[in-house]
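Before any comments, here is the structure.
Residue numbers (the numbering used here): 336 to 460.
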């Protein structure tokens, strides 16, 4: 796409506003972007086990389009939100206790499962 410099600046401002990370809630656009980036990285540079199962190096972009076509929001989270991303993004479960928020679980599977239960549309609420 060809943008004027003013249009490019406006695009960057809008994009940053949509995909910013929040400390105490989930921005589903940010999380989805990070998950797709992780998929692309994993399939561009597959580990030995993936190679043995037929995954070729450089297949990241192709895998992204496959996932977009085949997965629902909840199956996308269930199948592609992995431990490394949960840890890297410092995701955890918390509860409001009195006036404070307390971390109640940092286990990546519990975080993933809670997001699946909440549904992507309710995750930021």
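Cβ coordinates follow ideal geometry from the N, Cα and C atoms, glycine included.
Please read all numbers here as calculations on a predicted model, not as lab measurements.
Which class does residue i belong to by DSSP, given the choice of helix, strand or coil?
i, result
"residue 439", "strand"
"residue 420", "helix"
"residue 338", "coil"
"residue 357", "coil"
"residue 434", "coil"
Classify residue i as buried or exposed, calling it buried when 16 or more other Cβ atoms lie within 10 Å of its own Cβ.
i, result
"residue 344", "exposed"
"residue 447", "buried"
"residue 421", "buried"
"residue 454", "exposed"
"residue 370", "buried"
"residue 472", "Absent from the model: residue 472. The displayed extent of the chain is 336 to 460, so no value can be given."
"residue 361", "buried"
Going by the CB atoms, is the gap between residue j and residue i shorter than 8 angstroms?
i, j, result
"residue 347", "residue 365", "no"
"residue 374", "residue 389", "no"
"residue 451", "residue 413", "yes"
I'd like to confirm the pairing. Which residues does DSSP put opposite residue i in its beta bridges?
i, result
"residue 371", "According to DSSP, which records beta bridges pairwise, residue 371 is partnered with nothing at all."
"residue 429", "438"
Okay, do the segment 371-387 and the segment 397-410 touch, 3+ Cβ pairs below 8 angstroms being the bar? yes
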